[in-house]
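Per the numbering used here, numbering of the sequence shown is gapless, rising by one per residue and ending at 218. Backbone N, C-alpha and C define an ideal beta-carbon position, used for all residues, glycine too. Nothing here was measured: the structure is a model prediction, and the numbers come from that model. For reference, the structure is listed below as structure tokens.
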Amino acid sequence: MPGVATTTEEIELQIDPGRGGGAAIRDGGDPGRGDGQSPAYQRASITGITLALGGILMFFLALTSSYIVRRGVTTDWQAFPLPRVLWANTAVLLLSSFTIEMARRALGRGAVAAFRNLWALTSGLGLIFVGGQLLAWRELRAEGVFLSTNPSSSFFYVLTALHGLHLLGGIVALAYVALRSWQGSKVGRATGAEVAAIYWHFMDGLWVFLLLLLTLGR
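Here it is in structure tokens:
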């Protein structure tokens with residue numbers, strides 16, 4: 001019957017992903033959001049960032065071990081007051097962990113505009129943190145505490161500098177996720193955002209650990 005044939009064709013148009021209807025509904029109007037991406041590529045991305053973070057963790061643990069050993073065997077170790085701006089920097093970085101998680105969840109809901117705003121805010125907070133670290137260095141230099149002043153100051157500059165460089169890498173990753181065109185990619189924007197968020201949370205936790213080390217291990 002003509003009426004039945006027309007109805008059947010309309011139903012096929014709505015449920016057949018090959019005709020684009022299902023994909024449009026799943027993507028919520030944003031093909032780069034990451035829905036429908038390959039689970040295999042998603043797992044590979046998570047595995048890759050996990051291995052990378054494992055390497056970074058081992059590197060900083062080796063530096064921590066050197067810090068503890070050097071402090072215990074030397075007679076020229078001289079403690080110095082840490083710049084107060086470091087605590088403000090820590091609050092900024094912890095706030096950025098909250099905003100990046102909110103951004104990732106907004107993307108999962110399909111709220112792309114909210115995701116972009118929160119993602120940009122996270123990047124801005126990261127830059128503020130790096131600027132705050134530079135202010136801490138400037139304050140120490142004004143007090144006559146330099147890289148070569150004593151082993152304690154040497155470890156402070158090295159640890160904060162290496163963490164800052166890794167955090168700058170995270171800021172680059174945030175920019176990549178925000179600016180890349182994800183349409184047609186085997187790994188969607190959602191996976192890119194998840195990987196970047198995992199790295200960012202790790203950098204936050206690493207900084208809290210380093211700050212405790214520098215504070216309690218002086």
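Requested in this report: Starting from the Cα of Thr-149, find the closest Cα among Arg-180, Trp-77, Gly-48, Leu-159 and give me that residue.
Outcome: Selected option, being the one with the closest Cα: Trp-77.
Query raised in the report: So what does DSSP say about Asp-204, is it helix, strand or coil?
Result: The answer is helix: DSSP assigns Asp-204 an H, G or I state.
Query - 7 Å Cβ shell around Tyr-41 - same chain, five flanking residues per side excluded - result: Counting only residues of its own chain and dropping the five nearest sequence neighbours on each side, Tyr-41 has a CB closer than 7 Å to the CB of Lys-186, Val-187.
Query raised in the report: In terms of residue numbering, what span does the alpha helix (DSSP H) encompassing Gln-133 cover?
Result: Looking at the DSSP string, the run of the alpha helix (DSSP H) that includes Gln-133 is 112 to 142.
**Report entry** First and last residue of the uninterrupted alpha helix (DSSP H) at Val-69
**Finding:** Its alpha helix (DSSP H) spans residues 39 to 73.
Query raised in the report: Does DSSP classify Ile-100 as helix, strand or coil?
Result: In the structure shown, Ile-100 sits in a helix (DSSP, three-state: H, G or I).
Requested in this report: Provide the residue span of the alpha helix (DSSP H) that contains Gly-170, from first to last.
Outcome: Following the DSSP letters along the chain, one finds Gly-170 inside the alpha helix (DSSP H) bounded by residues 151 to 179.
Requested in this report: Under the assumption that Ser-97 contacts Thr-191 (Cβ atoms under 8 Å), give the Cβ distance between them as a whole number of angstroms.
Outcome: 19 Å between Cβ atoms; not a contact.
Query raised in the report: Got a sec? Which residues, its chain only, sit under 7 Å from Ala-173 by beta carbon, not counting five neighbours each side?
Result: Only Ala-196, Tyr-199 meet the Cβ criterion.
**Report entry** Cβ-Cβ distance between Leu-167 and Phe-129 below 8 Å
**Finding:** Yes, they are a contact pair.
Query raised in the report: Roughly how far, in whole angstroms, is the beta-carbon of Leu-147 from the beta-carbon of Ser-154, given that I think they are within contact range, below 8 Å?
Result: Contact between Leu-147 and Ser-154 holds: their C-beta atoms lie close to 6 Å from each other, under 8 Å.
Query raised in the report: How is Ala-79 classed by DSSP in three states: helix, strand or coil?
Result: It is coil, neither helix nor strand.
Requested in this report: Less than 8 Å between the CB atoms is what I'm expecting for Ala-79 and Ser-181, so what's the real figure, rounded?
Outcome: About 51 Å separates the two Cβ atoms, so there is no contact after all.
Query raised in the report: Among Val-92, Tyr-176, Leu-51, which has the Cα closest to the Cα of Val-208?
Result: Minimum Cα distance to Val-208 is reached at Val-92.
Query raised in the report: Ordered along the chain, which non-local residues of its own chain (more than five positions away) have a Cβ less than 7 Å from that of Arg-116?
Result: Excluding its 5 nearest sequence neighbours in each direction, Arg-116 has C-beta neighbours in its own chain below 7 Å: Ala-178, listed in chain order.
Report task. With DSSP collapsed to three states, give me the class of Phe-220. Result -> Nothing about residue 220 can be reported from this structure: the residues present for the chain run from 1 to 218 only.
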